[in-house]
DNA sequence: TGATTCCAAATCGTATATCATTTTCTTACA
DNA sequence: TGTAAGAAAATGATATACGATTTGGAATCA
């Protein structure tokens, strides 16, 4: 029986292709940490588990590869992407740049409600600090940033932000897990960003603030991390 | 005979998989404009032309899809991605942001030689103005920007820059084809960027200059373009 | 004539089969 | 005992085959 997979011939709803089913299935396992980095993704095994042939599974894994969640080696096979320390840092940096720009561009479109929602999320984050749980903190943190960026009129930029965010996804919680003290600073910086927006700061100021916010997260992560190559 | 495709069992060299051969082959046709936007990519036809089965072709096209060069429609097939006006603008904007940041980060690593090479390329661009050819101008233009960004220590950022650049690739020449006057301005702005670098301007200044440079290109493109939805 | 239905061709999606490569295990030899 | 050669197993890469879906057109009817 394994996992209940949505019937491909689901009546009424639009049936997903097997390749798509395999994609979401495997992806879910990766982001949930079920398949740890380095875990081998054997086509025949996955195909058997999903009760389909290897062809759609292969396609799914290639798609995951394109997103950077898996690595394929010719004639050897695929495995869940390793979390190279250097790459993690670089992606965080890139995310800061993209997110900063997206937030700045969104400025004129951010409504009172958006701002209120962001404030609310940051308040929730503050509450979380007392009984800290990296998982929920990370979740709220994502939603906070998403509220600010999603109004960006440039959809491509939003795509890039999300892609980068997801690439970091399956290990992002580690930042706050490893450096619990960072969470409090993070909330404070969020507040500063919200204040800037509310006080009609220039887009350059907001962009810089968001970028620095991520740099700071990154710095504390690195400080707490003895580089282990 | 058709196109001479590198033998998969090329002796000595590392043989490419058929999927990779198909990928580069189709991609080449797209970026060269041989396959215009909207052109259908029929698996069986391509497979026949490449003398292989449809399986690797399919894989190649999915890869192209992931890069945004092709679009796949379920049970219908793939076609070369349409050049949506809005998407073009958004990608250009995103490229400006990424390139600006990459160039700024590269500042401390740009050597005298790099600067000289960039200067040389811009001089070549200036010469090209007299007997203008959009194709070579675009080529040189790319190399100019590449010299500045490639020293960026953040490889991920370079990846993103290149990905965005290539996404625009198959229609980038149009900017200078449609707005020939823009080329001269472009060269002047390049010169300003080089001057900033030479005079040890702050990274923020350089970043802004590069970003504005692309904004200006975009603006003149839009000005010369009656929006045709 | 125009719209509708139905059939056939085109093409994709997936399964199965075969070939190629890599890895691992065994075995023989120094 | 350690190493190297070779066979066997595992797995990926590709080919072929077949079923499913879409699309275009022919035939039918009002």
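Chains as they are written, first to last, in our numbering: chain A, 1 to 229; chain B, 230 to 458.
Glycine included, C-beta positions come from ideal geometry on N, C-alpha and C.
Anticipated Cβ contact below 8 angstroms, residue i with residue j, distance rounded
i                      : j                      : result
residue 307 of chain B : residue 294 of chain B : 7 angstroms
residue 154 of chain A : residue 319 of chain B : 5 angstroms
residue 149 of chain A : residue 186 of chain A : Actually they are not in contact, since the Cβ atoms of residue 149 of chain A and residue 186 of chain A sit about 16 angstroms apart, beyond 8 angstroms.
residue 128 of chain A : residue 138 of chain A : Actually they do not touch by this definition, with Cβ atoms about 10 angstroms apart.
residue 232 of chain A : residue 246 of chain B : Beyond the ends of chain A as shown, which are 1 and 229, falls residue 232 of chain A; an answer cannot be given.
residue 194 of chain A : residue 98 of chain A  : Contact doesn't hold; Cβ gap of about 20 angstroms is too wide.
residue 270 of chain B : residue 310 of chain B : Going by Cβ atoms, the distance from residue 270 of chain B to residue 310 of chain B rounds to 10 angstroms, so no, they are not a contact pair.
residue 444 of chain B : residue 408 of chain B : Incorrect: roughly 14 angstroms between the Cβ atoms, too far for contact.
residue 31 of chain A  : residue 169 of chain A : 5 angstroms
residue 132 of chain A : residue 183 of chain A : 7 angstroms
residue 198 of chain A : residue 125 of chain A : At roughly 17 angstroms, the Cβ-Cβ gap does not stay under 8 angstroms, so residue 198 of chain A and residue 125 of chain A are not in contact.
Close Cβ partners of residue i (< 7 angstroms) along its chain, the five nearest in sequence each way excluded
i                      : result
residue 47 of chain A  : 53, 54 and 57
residue 248 of chain B : 285, 288 and 289
residue 406 of chain B : 363
residue 39 of chain A  : 79 and 80
residue 209 of chain A : 192, 193 and 196
residue 119 of chain A : 194
residue 440 of chain B : 325, 326 and 329
residue 43 of chain A  : 54, 57 and 58
residue 29 of chain A  : 35
Own chain partners of residue i with C-beta closer than 8 angstroms, once the 5 adjacent residues on each side are dropped
i                      : result
residue 207 of chain A : 100, 101, 103 and 104
residue 117 of chain A : 147
residue 392 of chain B : 296
residue 351 of chain B : 373, 416, 419, 420 and 423
residue 396 of chain B : 296, 297, 298 and 320
residue 181 of chain A : 220
residue 301 of chain B : 290, 291, 294 and 307
Simplified DSSP state of residue i, which is helix, strand or coil
i                      : result
residue 454 of chain B : coil
residue 326 of chain B : helix
residue 162 of chain A : helix
residue 217 of chain A : helix
residue 340 of chain B : coil
residue 121 of chain A : helix
residue 130 of chain A : coil
residue 202 of chain A : coil
residue 211 of chain A : helix
residue 380 of chain B : coil
Cut-off 6 angstroms between Cβ atoms - residues of its own chain near residue i, not counting five sequence neighbours on either side
i                      : result
residue 22 of chain A  : 50, 56, 57 and 60
residue 141 of chain A : none
residue 151 of chain A : 106, 109 and 110
residue 389 of chain B : 327
residue 222 of chain A : none
residue 213 of chain A : 189
Discussion item. Please give me, in chain order, every unbroken run of the alpha helix (DSSP H) with length at least 4 that falls completely inside the segment 237 to 316 of chain B.
Written reply: 247 to 260, 272 to 279 and 283 to 296
Worksheet item: Any residues in the segment 54 to 82 of chain A with a beta carbon nearer than 7 angstroms to a beta carbon of chain B? Which ones, in chain order?
Response: 59, 62, 63, 66 and 74
Item to complete: Quick one: which unbroken beta strand (DSSP E) runs of 3-plus residues sit fully inside the segment 168 to 199 of chain A? Chain order, please.
Response: none
Item to complete: Could you name the residues of the segment 143 to 163 of chain A whose beta carbon sits closer than 7 angstroms to any beta carbon of chain B, in the order they occur along the chain?
Response: 154, 155, 156, 157 and 160
Practice prompt. With 8 angstroms as the C-beta to C-beta threshold (strictly closer), list the residues of the segment 250 to 261 of chain B near chain A in chain order.
Written response: none
Item to complete: Taking a Cβ distance cut-off of 8 angstroms, strictly less, list which residues of the segment 432 to 457 of chain B are near chain A, in chain order.
Response: none
Worksheet item: In chain order, what residues of the segment 33 to 51 of chain A put their CB closer than 9 angstroms to some CB of chain B?
Response: none
Worksheet entry | Interface residues of the segment 331 to 363 of chain B facing chain A [CB-CB below 7 angstroms] | none
Practice prompt. Can you give me, in chain order, the residues of the segment 417 to 433 of chain B that have a beta carbon less than 8 angstroms from any beta carbon in chain A?
Written response: none
Worksheet item: Closer than 8 angstroms, Cβ to any Cβ of chain B: which residues of the segment 87 to 103 of chain A, in chain order?
Response: 87, 90, 91, 93, 94, 97, 98 and 101
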